[in-house]
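Mapped onto the UniProt record's numbering, the consecutive letters of the sequence shown carry residue numbers 1 to 242. Okay, structure first, notes after.
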Amino acid sequence: MKKYFVVAMMLMFVMPVFALSSYQAQFSLYAETDLGNIKIGKANFALQAKGDMYIYTSDASTGLLWKALYDYKRTETSIGMKNNDLLFSSYYIVNENVKGSTKNNYEIYFYAEQNYATYNGEKYMGEIEPGGLVDSLSVYLALSEDMKLNPEQTIFNYQVANSEGIKRQDFTVDGRETITINDKEIETIIILCPELNLSLNLSKEYGYLPVSISKVNGKNHFRMILDEYTELHTKGLLLNND
Numbered sequence: 001m002k003k004y005f006v007v008a009m010m011l012m013f014v015m016p017v018f019a020l021s022s023y024q025a026q027f028s029l030y031a032e033t034d035l036g037n038i039k040i041g042k043a044n045f046a047l048q049a050k051g052d053m054y055i056y057t058s059d060a061s062t063g064l065l066w067k068a069l070y071d072y073k074r075t076e077t078s079i080g081m082k083n084n085d086l087l088f089s090s091y092y093i094v095n096e097n098v099k100g101s102t103k104n105n106y107e108i109y110f111y112a113e114q115n116y117a118t119y120n121g122e123k124y125m126g127e128i129e130p131g132g133l134v135d136s137l138s139v140y141l142a143l144s145e146d147m148k149l150n151p152e153q154t155i156f157n158y159q160v161a162n163s164e165g166i167k168r169q170d171f172t173v174d175g176r177e178t179i180t181i182n183d184k185e186i187e188t189i190i191i192l193c194p195e196l197n198l199s200l201n202l203s204k205e206y207g208y209l210p211v212s213i214s215k216v217n218g219k220n221h222f223r224m225i226l227d228e229y230t231e232l233h234t235k236g237l238l239l240n241n242d
């Protein structure tokens, strides 16, 4: 699992033309219940970029008061690059625990030039198609970058990798919605991906990054809403090597 640190170090020495922008964002984590949406925890997202190379991380967990009822924690790391306006993941790792037990724990290495990927050391079934390649985390970044370039486009299609394999998914614009973030009303674009049970609200004010993420996971329905967003000015890529 420590090989991904080498991948990150290699990315530090390349400086492409079109730069990504580093940021960190904090979200409140809600669960939909019979009593309505209840805040149960928090989530943090961080993008570290040098040129068009990036390390994208997320960390979501329930708060102390809710751990007795639903102890949940999920961390993700995605490493990749942007080339010719397309995102290419090179590494993705997920650790997800529910009630103290492992639910998902896997890592994916992508070898786009050879058209294959490995899942926990084993080769994925099928081949990677030419073009962009993202994972369940970096797809948010891909949508953001593509929306900046093509704000009138209505369907975005990506090869998305997760525990079930690599499959093309459509992300469709489903209108606009005004939502409240920190007591301020902002206009957002609704993006739906039914196959992934995913609904996003993208905001131009935040560089078309998701300000609301709604996900159905089995019998559970979670929603994350942005609390705080900060642009960062980083000199390189830093990665926890624990």
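Every residue, glycine too, gets a C-beta built ideally from N, C-alpha and C. All of these numbers come straight from a predicted model, not from anything done at the bench.
What do you get for residue i, buried or exposed, if any count of 16 or more other CB atoms within 10 angstroms of its CB means buried?
{"i": "valine 159", "result": "First, the amino acid is wrong: residue 159 is glutamine here, not valine. Buried: at least 16 other Cβ atoms inside 10 Å."}
{"i": "lysine 99", "result": "exposed"}
{"i": "arginine 223", "result": "buried"}
{"i": "lysine 50", "result": "buried"}
{"i": "leucine 20", "result": "buried"}
Nearest CA to the CA of residue i: which residue from the options?
{"i": "glutamate 96", "options": "Ser163, Asn115, Leu198, Glu129", "result": "Ser163"}
{"i": "isoleucine 93", "options": "Thr102, Tyr106, Lys82, Ser101", "result": "Tyr106"}
{"i": "lysine 82", "options": "Phe27, Gly131, Gln153", "result": "Gly131"}
{"i": "phenylalanine 45", "options": "Asp85, Leu69, Ser138", "result": "Ser138"}
{"i": "valine 173", "options": "Tyr208, Ala117, Ile166", "result": "Tyr208"}
Tell me the residue span of the beta strand (DSSP E) that contains residue i.
{"i": "glutamate 177", "result": "165-181"}
{"i": "isoleucine 93", "result": "86-98"}
{"i": "serine 78", "result": "72-83"}
{"i": "lysine 50", "result": "36-50"}
{"i": "alanine 25", "result": "23-33"}
Can you name the residues that DSSP bridges to residue i?
{"i": "glutamate 145", "result": "Paired residue(s): none; glutamate 145 is not in a bridge."}
{"i": "asparagine 115", "result": "The partner list for asparagine 115 (beta bridge, DSSP) is empty, contrary to what the question assumes."}
Who are the near neighbours of residue i in its chain, counting only those whose CB is closer than 6 Å to its CB and skipping five residues on each side?
{"i": "asparagine 220", "result": "none"}
{"i": "cysteine 193", "result": "Gln169, Phe171"}
{"i": "threonine 77", "result": "Thr57, Ile93"}
{"i": "lysine 103", "result": "Glu96"}
Going along the chain, which residues of its own chain have a beta-carbon closer than 7 Å to the beta-carbon of residue i, five neighbours each way excluded?
{"i": "leucine 232", "result": "Ser22, Tyr23, Gln24"}
{"i": "isoleucine 38", "result": "Tyr30, Ala31"}
{"i": "glutamate 127", "result": "Asn115, Tyr116"}
Could you pull out every residue in the same chain whose Cβ sits closer than 8 Å to the Cβ of residue i, ignoring the five residues on either side in sequence?
{"i": "threonine 178", "result": "Glu185, Ile186, Glu187, Thr188"}
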